[in-house]
Amino acid sequence: MTYSEILSAAQSLSETERQSLVQALSPNKQCEATVPESSRLSALLEKQGCCPHCGGTRYYRFGKDHGTQRFKCKDCGRTFTEFTGTWQQKLHKKWLVKAYMRLMSEQKSLDKISAALHINKKTAFDWRHKILRSLKQDEGGSFSGITESDETFFDKSDKGCRHLKRKPRKRGGETKGKGISKDKATVIVTADRKNDLNMTFCGYGRLTKAEITESLHTPLPQGTVLCSDGHVSYKGYAMDNHIEHVVIRADLGRHVKRGFYHIQHVNSLHNRLKKWLNGTFWGVATKYMQDYLNWFKVKETVLKFCNDQADELLGLSMNNYNVKFATV
Numbered sequence: 001m002t003y004s005e006i007l008s009a010a011q012s013l014s015e016t017e018r019q020s021l022v023q024a025l026s027p028n029k030q031c032e033a034t035v036p037e038s039s040r041l042s043a044l045l046e047k048q049g050c051c052p053h054c055g056g057t058r059y060y061r062f063g064k065d066h067g068t069q070r071f072k073c074k075d076c077g078r079t080f081t082e083f084t085g086t087w088q089q090k091l092h093k094k095w096l097v098k099a100y101m102r103l104m105s106e107q108k109s110l111d112k113i114s115a116a117l118h119i120n121k122k123t124a125f126d127w128r129h130k131i132l133r134s135l136k137q138d139e140g141g142s143f144s145g146i147t148e149s150d151e152t153f154f155d156k157s158d159k160g161c162r163h164l165k166r167k168p169r170k171r172g173g174e175t176k177g178k179g180i181s182k183d184k185a186t187v188i189v190t191a192d193r194k195n196d197l198n199m200t201f202c203g204y205g206r207l208t209k210a211e212i213t214e215s216l217h218t219p220l221p222q223g224t225v226l227c228s229d230g231h232v233s234y235k236g237y238a239m240d241n242h243i244e245h246v247v248i249r250a251d252l253g254r255h256v257k258r259g260f261y262h263i264q265h266v267n268s269l270h271n272r273l274k275k276w277l278n279g280t281f282w283g284v285a286t287k288y289m290q291d292y293l294n295w296f297k298v299k300e301t302v303l304k305f306c307n308d309q310a311d312e313l314l315g316l317s318m319n320n321y322n323v324k325f326a327t328v
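Read in the UniProt record's numbering, the sequence shown has 321 at position 321, and its numbers run on one by one without any break.
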């Protein structure tokens with residue numbers, strides 16, 4: 001190809017693909033130098049951060065590690081960087097993270113991400129799940145006012161498994177068991193009226209009170225009004241935590257009580273979640289269900305309200321250190 005043909009082909013690429021092309025043609029050292037300074041590094045340089053090993057705030061600069069500023073803690077004597085305790089720790093090709101985030105926020109397939117960034121498909125898959133596992137759910141204490149909760153079910157999926165212990169079924173086919181059996185994955189969705197949201201994969205089969213308690217690690221605060229269907233587990237949870245409980249019996253045609261108590265918000269979330277999982281990913285393996293629930297939660301509560309979803313997703317994934325306080 002001539003230079004003009006190459007230039008014409010490059011101009012037809014998307015912005016993300018152009019950036020990836022420039023990075024692919026650049027030497028590795030130059031690529032490493034193009035890693036943008038993060039807000040976490042800025043906080044550490046301004047003495048506003050803490051040691052991810054012990055939580056100490058007394059630290060100083062201690063050279064560099066592959067171009068990344070390193071720090072040493074005066075309290076525990078251990079060294080760390082801005083990436084220590086985050087999903088980017090020991091990650092190669094950090095200069096591709098921003099481009100990866102942009103493609104991920106656009107919900108591109110792993111094949112397209114792999115081709116655009118010139119990385120292995122397994123690397124693209126591993127990065128996706130590292131990011132998703134770093135995202136957090138609201139644990140219960142942030143909820144207030146009228147709080148809706150309801151469970152929904154997905155057919156158990158072993159997508160990608162090469163050693164099935166059962167006869168495979170056609171994609172989209174139904175499980176053999178009728179009703180709510182152990183072949184159904186249970187997801188609890190809890191939401192209040194101010195956009196706090198918890199989505200938890202809690203096991204298989206019928207819902208239990210222990211699973212509700214586990215999904216909401218922090219009990220719902222006093223003054224909260226819990227709206228749910230007639231499942232006895234919600235009644236037991238409300239009694240244990242001394243909160244008001246309003247039962248919505250949709251099976252009897254009663255969808256709203258007193259004009260404003262209902263569970264229509266979580267039912268709408270159920271519907272959007274299923275369409276998203278089945279439409280965008282053609283279903284996901286049940287063992288990765290919680291990862292995709294984390295993604296959907298962030299998508300519903302944060303990303304749809306911001307202009308630069310890639311930046312916001314990166315910031316959320318790097319939001320908290322995995323701090324492990326030292327014991328004496």
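Note that CB positions come from ideal geometry on N, CA and C, so glycine has one too.
Here the structure is a predicted model, which means the values were calculated and not measured.
Residues in its own chain within less than 6 Å of residue i by CB, not counting five upstream and five downstream?
i           : result
residue 63  : 70
residue 202 : 186, 188, 211, 215
residue 230 : 247, 249
residue 256 : 262
residue 336 : Past the boundaries of the shown model lies residue 336; the chain is included only from 1 to 328, so the question cannot be answered.
residue 290 : 201
residue 115 : none
Anyone know if the C-beta pair for residue i and residue j falls short of 8 Å?
i           : j           : result
residue 227 : residue 188 : no
residue 248 : residue 192 : no
residue 295 : residue 135 : yes
residue 301 : residue 216 : no
residue 148 : residue 265 : yes
residue 123 : residue 270 : no
residue 44  : residue 143 : no
residue 218 : residue 283 : no
Going by C-alpha to C-alpha distance, which of the options sits closest to residue i?
i           : options            : result
residue 333 : 292, 300, 5, 87    : Residue 333 lies beyond the residue range present for the chain, which begins at 1 and ends at 328; the question has no answer from this structure.
residue 59  : 95, 67, 206, 49    : 49
residue 128 : 144, 286, 88       : 88
residue 261 : 278, 93, 250, 96   : 250
residue 137 : 318, 6, 190, 122   : 190
residue 77  : 96, 57, 94, 92     : 57
residue 236 : 210, 290, 67, 288  : 210
residue 65  : 100, 90, 121       : 90
residue 131 : 121, 218, 86       : 86
residue 42  : 1, 22, 68          : 68
residue 213 : 195, 230, 229, 239 : 239
residue 74  : 52, 229, 299       : 52
residue 54  : 39, 38, 84         : 84
residue 281 : 306, 206, 125      : 125
residue 208 : 254, 180, 164      : 180
residue 97  : 46, 38, 109        : 38
residue 297 : 278, 195, 259      : 195
residue 273 : 299, 305, 253      : 299
Between residue i and residue j, which are expected to be in contact by the criterion C-beta below 8 Å, what is the C-beta distance as a whole number of angstroms?
i           : j           : result
residue 267 : residue 150 : 7 Å
residue 365 : residue 225 : No answer is possible for residue 365: the residues shown for the chain start at 1 and end at 328.
residue 285 : residue 158 : 6 Å
residue 13  : residue 7   : The Cβ separation is near 11 Å, so there is no contact.
residue 9   : residue 18  : Actually they are not in contact, since the Cβ atoms of residue 9 and residue 18 sit about 11 Å apart, beyond 8 Å.
Just to check, is the beta-carbon of residue i closer than 7 Å to a non-hydrogen atom of the ligand HEM?
i          : result
residue 22 : By its list of ligands, the structure shown contains no ligand whatsoever, and the ligand HEM lies outside what it can speak to.
With a threshold of 7 Å on Cβ separation, who are the neighbours of residue i within its own chain once the five nearest residues in sequence on each side are excluded?
i           : result
residue 72  : 59, 60, 62, 79
residue 204 : 156, 182, 184, 185, 186
residue 319 : none
residue 100 : 113, 117, 127
residue 317 : 87, 131, 134, 135
residue 161 : none
residue 4   : none
residue 28  : Because residue 28 carries a pLDDT of 47, less than 50, the predicted location of this residue cannot be relied on, and the following value inherits that uncertainty. Closer than 7 Å at Cβ, skipping near neighbours: no residue.
Grab me the residues of residue i's own chain with a C-beta within less than 8 Å of its C-beta, minus the 5 sequence neighbours each way, in chain order.
i           : result
residue 222 : 242, 243
residue 303 : 105, 309, 312, 313
residue 206 : 180, 186
residue 279 : none
Cβ contact check for the segment 100-110 and the segment 307-317: 3 or more pairs under 8 Å: yes
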